[in-house]
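In the numbering used here, the protein residues as written are 1 to 681.
No residue lacks a Cβ here, since even glycine has one placed at the ideal position from N, Cα and C.
Step one of this worksheet: look at the structure below.
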């Protein structure tokens, strides 16, 4: 033995490590064999289950009681209210489950002694079977990966952007889908997915795209001459997206811009360019529409009227707008007419449906009872381990619960509050436009209607839009035009009180169909969440704007042009509410009017000169802006007679009134010089 020990002692460290790995491997193999044998033995066990008109969950419990199996599942995997009858004797667990699930969309997997109920899509629809995941790499002709390439499913808003290595991945793609690849300065490509799961593409430089003229603020420039960080949004790829706001169509598709989510119909999403630039100040970027600073809602602009969007991100590109451009600038250009022999009519209409990605339903009756038993487990279950139900447990003796809840438990009440507080959500959109022109004149006229019903009950939004863009070449040196639009929105309606506690043991209505003020009893002070819906509410907004401009080519001085922009806009709104359940059920009324009147005048002088290999472009701007705002608010509480709602505020016993106004004006100047040498420097 001593010699053997000495022999082992002279083994080098690598041999010792190899010997240790062999011992560990043999041990793991033995454990695996034993576990496999136990699993086979357990699955081969014969079971007997005889139950009539019971729930599937009860069948699972019966199998667990007479075997070593444990079930893992969510009640969302199957209809727990469906009753089944089982009469099986001396069969394995697999045979039992196959018979139970024979006509139901449930699948399972047995791992050792654990049974996992996996999905409700045992028999998926044909469209589901055809969906797949597609990934790949996007590069240029030299093989270099292209980061920031937009990849979307044509006709939808589903898409992604390639990473630093030019890689992308998209899930849930139908086989008949078409992927659209787009990148600034590159030719866009469309690829039909078919049976492909990996699609690599090589993009070509778009020479025409580099010569394309983009808006840069108080002027335009070729893409190839840009020195600042200016991004052109590919809005053509999102023309068919069912969004009421153009910013929603750009979510995740433009590098450097973050667009937030919305949870109400017609709501404005938050917009940040290159992250948060201030801790407590204004975080919104500056919006410029057709060369004029726009202070209204982007949601008032019909997405179908927008031709292009450019985003100025860095200091050099946005400096022309001064400090108000600290959070970046979004330049929006609307459509203009095309020269043709006859007018072109265009109509588009769509209806789309919305559903939440997460089912946030409330607990039903049985789930609530189990939750309450868990809270009062010392009464509901037997000591010492509190795992067996207490046969003497009586809900009527539970003084911790209010009488209304106890009555609902005894009466078998199971009210679905989530269903009552939600409704089908959809978006309806219609647009009719006319465009055309002659050699000297072009025009674009449109009218649109949008209606959105949110998923929350009584969440509505309507918008009517109209636009007239007109341009005429009076002479070879004088051009005049107008860009006007009107938007009229309606947000009327108040949603339910979501933060009020509800319970499936109580209902919002009495036997006569009238709303119950306190469903849980007056002692709880929990008002019925449906009371807000009964309020008479009016929320309307109006936005009218007109831009009048003239372009003059200065005679005798080639390359010198003068442009004058004059914009007049008026925004006014009215908010009014009459709620008989407000102010402690005494009734509240309020009425508010607000208006904002703006005027802008720009004088823009531009000079362009090409001398051999030298190119020079100078822009000078001088202008002013005036704005006036005023508002009036009146409200009242304790209304003896609220039949006239907010149109009879004088009846309120407690009355309040306030008003305000302000005006401001500013002058601004700007100078910009662009120099180009041989299109290289």
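Considering only DSSP beta bridges, list what residue i is partnered with.
i, result
"residue 425", "354"
"residue 670", "621"
"residue 488", "464, 542"
"residue 183", "None, per the DSSP bridge assignment."
"residue 548", "482, 566"
"residue 553", "561"
"residue 339", "The partner list for residue 339 (beta bridge, DSSP) is empty, contrary to what the question assumes."
"residue 430", "349, 449"
Can you tell me whether residue i is helix, strand or coil according to DSSP?
i, result
"residue 453", "strand"
"residue 322", "helix"
"residue 661", "strand"
"residue 194", "coil"
"residue 678", "coil"
"residue 642", "coil"
"residue 238", "helix"
"residue 387", "coil"
"residue 609", "strand"
"residue 147", "coil"
"residue 578", "strand"
"residue 299", "helix"
"residue 585", "helix"
"residue 189", "strand"
"residue 211", "With a pLDDT of only 49 at residue 211, under the threshold of 50, the placement of this residue in the model should not be trusted, and no figure is reported."
"residue 84", "strand"
"residue 62", "helix"
"residue 441", "strand"
"residue 594", "strand"
"residue 90", "strand"
"residue 476", "coil"
"residue 470", "strand"
What are the start and end residues of the alpha helix (DSSP H) that includes residue i?
i, result
"residue 378", "377-380"
"residue 411", "403-411"
"residue 249", "246-249"
"residue 95", "93-100"
Using C-beta distances below 6 Å, list every residue in its chain close to residue i, excluding the 5 sequence neighbours before and after it, in chain order.
i, result
"residue 601", "566, 623, 624"
"residue 386", "377"
"residue 492", "537, 538, 539"
"residue 633", "592, 658"
"residue 425", "354, 453, 454, 455"
"residue 563", "551, 604"
"residue 171", "133"
"residue 436", "337, 340, 343, 344"
Can you name the start and end residues of the beta strand (DSSP E) that residue i belongs to?
i, result
"residue 621", "614-637"
"residue 272", "271-273"
"residue 167", "167-173"
"residue 311", "306-312"
"residue 134", "132-140"
"residue 161", "159-161"
"residue 292", "292-294"
"residue 202", "201-203"
"residue 333", "329-334"
"residue 288", "286-289"
"residue 648", "Residue 648 -> no beta strand (DSSP E), and no H or E assigned at all."
"residue 254", "Segment: none, residue 254 is in no beta strand (DSSP E) and carries neither H nor E."
"residue 232", "230-232"
Excluding sequence positions up to five away, which residues of its chain have a Cβ less than 7 Å from the Cβ of residue i?
i, result
"residue 583", "637, 638"
"residue 29", "Caution applies to residue 29, whose pLDDT of 38 falls short of 50 and renders its modelled position unreliable; the model cannot decide the point."
"residue 219", "606, 619"
"residue 264", "454, 459"
"residue 41", "Low per-residue confidence applies at residue 41: pLDDT is 43, beneath 50, and the placement is therefore not dependable enough to give any value."
"residue 189", "181, 201, 203"
Tell me which residues share the same chain as residue i and place their Cβ nearer than 8 Å to its Cβ, disregarding the 5 neighbours each side in the sequence.
i, result
"residue 250", "233, 235, 238, 257, 259, 309"
"residue 476", "553"
"residue 70", "64, 113, 114, 115"
Got a sec: is the Cβ-Cβ distance from residue i to anything in chain C below 8 Å?
i, result
"residue 579", "Note that chain C does not occur in the displayed structure, where there is just one protein chain."
Mind the definition here: the segment 622-641 touches the segment 661-671 only if three or more C-beta pairs lie below 8 Å; say whether that holds. Judged by Cβ distances under 8 Å, the segment 622-641 makes contact with the segment 661-671, as three or more pairs qualify.
Take every Cβ of the segment 460-470, pair it with every Cβ of the segment 440-451, and state whether three or more of those distances are shorter than 8 Å. Counting Cβ pairs under 8 Å, three or more are found: they touch.
Give a yes or no on contact between the segment 523-536 and the segment 495-515, applying the rule of three or more CB pairs nearer than 8 Å. Judged by Cβ distances under 8 Å, the segment 523-536 makes contact with the segment 495-515, as three or more pairs qualify.
Pair every Cβ in the segment 538-550 with every Cβ in the segment 512-530, then say whether three or more of these pairs are closer than 8 Å. Segments in contact, no.
Given 8 Å, three or more beta-carbon pairs between the segment 152-163 and the segment 242-259: Here the segment 152-163 lies against the segment 242-259, with 3 or more beta-carbon pairs under 8 Å apart.
With a cut-off of 8 Å, do at least 3 Cβ pairs link the segment 347-354 to the segment 425-437? Yes, the segment 347-354 is in contact with the segment 425-437.
State whether the segment 387-406 contacts the segment 299-312, with contact taken as three or more CB pairs (one from each stretch) at a distance under 8 Å. Three or more Cβ pairs closer than 8 Å define a contact, and the segment 387-406 falls short of that threshold against the segment 299-312.
Taking contact to mean at least 3 C-beta pairs separated by less than 8 Å, is the segment 546-565 in contact with the segment 504-523? With the cut-off at 8 Å, the segment 546-565 and the segment 504-523 do not touch.
Just checking, does the segment 175-192 make contact with the segment 141-157 on the three C-beta pairs under 8 Å criterion? The segment 175-192 and the segment 141-157 touch, with no fewer than 3 CB-CB distances between them shorter than 8 Å.
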